[in-house]
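To keep things clear, I will list the structure first and then write my remarks on it.
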Amino acid sequence: MKGPGGYYNSGNALGLIVGLAIQIATAPVGLHEGSSVTMAVIEYFAGSHGTVALTLTTLVFFWGGEAYHRAWARPDAPDPALNRLGDFLSGLGAIGLGIALLLLGDPLLAATSGLLHALGKFGSTFHRPGTPIPMWPAAWPDPFRSAVLASRLPAMLATTVALGRALPEVWSGGSFAALPMPLTLLGCYLLWTKADLLLFGVGTKAIRQISTC
């Protein structure tokens with residue numbers, strides 16, 4: 742878990758595994774139970790254009806997380822080239838996520854979790870730490886890392902609202918099935934946010950303190 746890569750991919754794996762488990766658990770059970778599970782898995786990964794886009798996006802995010810992991814696994818961590826590769830792949834993943842969210846009918850999250858996230862990651866890819874940014878005071882936090890962090894907030898708010906709506910239903914005797922996914926997503930966002938925070942200060946004197954968080 743040294744560096745952001747472990748946190749990014751832990752969140753990716755948590756969301757993927759729990760989402761798939763819920764999909765299988767809620768699949769209708771027929772005469773051919775094995776076929777039902779197989780269909781649930783197919784639907785989860787390739788049931789529509791949106792889910793196909795989300796599956797491909799997840800693979801890119803895992804690839805980006807591995808690049809970050811390798812960048813921070815070195816004694817002189819982080820390796821700038823590998824760290825920028827992680828930023829670039831995450832930017833590509835964010836574009837894919839935006840497309841997937843549009844196809845799944847959520848334009849607001851597509852604009853934040855997708856577009857804003859991509860702008861932040863691509864900005865971090867091409868901006869060299871220490872280079873002044875026009876109209877941006879040097880004492881302020883990195884604008885591109887801040888954009889990535891800000892892109893998490895609408896999705897976290899939406900997930901919290903969904904959880905808040907589910908809790909009274911469960912309390913009134915409803916099914917607990919409405920709780921696992923919002924709780925899992927909040928856990929994923931906490932892991933991803935931790936990774937985002939570790940990337941603040943890359944290329945500055947603060948890096949040694951940040952890398953030990």
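Terminal number for the sequence shown in the working numbering: 954, no gaps in between.
Note that CB positions come from ideal geometry on N, CA and C, so glycine has one too.
Residue interval of the alpha helix (DSSP H) (run including residue i)
i, result
"L908", "P884 to W912"
"P745", "P745 to A766"
Collapsed DSSP secondary structure at residue i in the structure displayed
i, result
"D937", "helix"
"G788", "coil"
"K862", "helix"
"L920", "coil"
"G846", "coil"
"A742", "Residue identity differs from the one stated: residue 742 is Met in this sequence, not Ala. DSSP places M742 in coil when its eight states are reduced to three."
"T872", "coil"
"A880", "coil"
"Q950", "Any reading at Q950 needs caution, since the residue's pLDDT is 36, under 50, leaving its predicted position unreliable; the model's value is listed next. Correct three-state label for Q950: helix."
"G855", "helix"
"G915", "coil"
Per-residue burial, residue i [other beta carbons within 10 Å of its own, 16 or more giving buried]
i, result
"P816", "exposed"
"T779", "exposed"
"S916", "exposed"
"N750", "buried"
"K743", "exposed"
"A835", "buried"
"L924", "exposed"
"V889", "buried"
"I874", "exposed"
"H810", "buried"
"T799", "buried"
"A879", "exposed"
"A896", "buried"
"W877", "exposed"
"L842", "buried"
"R869", "exposed"
"A808", "buried"
Option nearest residue i by Cα separation, candidates the options
i, options, result
"L823", "L908, R906, P745 and A907", "P745"
"A859", "G791, P921, G837 and L932", "G837"
"F867", "R825, F941 and A766", "R825"
"F863", "S887, A766 and A794", "S887"
"S865", "S831, Y785, T798 and L755", "S831"
"L845", "S892, V793 and A879", "V793"
"L797", "L843, L833 and A781", "L833"
"V902", "T934, L920 and A781", "L920"
"G905", "M922, L795 and Y748", "M922"
"A851", "P819, L931, G791 and W813", "G791"
"G827", "L932, A812 and Q764", "A812"
Any non-hydrogen atom of the ligand GDP within 7 Å of residue i CB
i, result
"H810", "As for the ligand GDP, it is missing from this structure, which has no ligand bound."
Task: Runs of alpha helix (DSSP H) wholly within the segment 796–844 (minimum 4 residues, chain order) - done: Unbroken alpha helix (DSSP H) stretches of 4 residues or longer found wholly inside the segment 796–844: 821–844, given in chain order.
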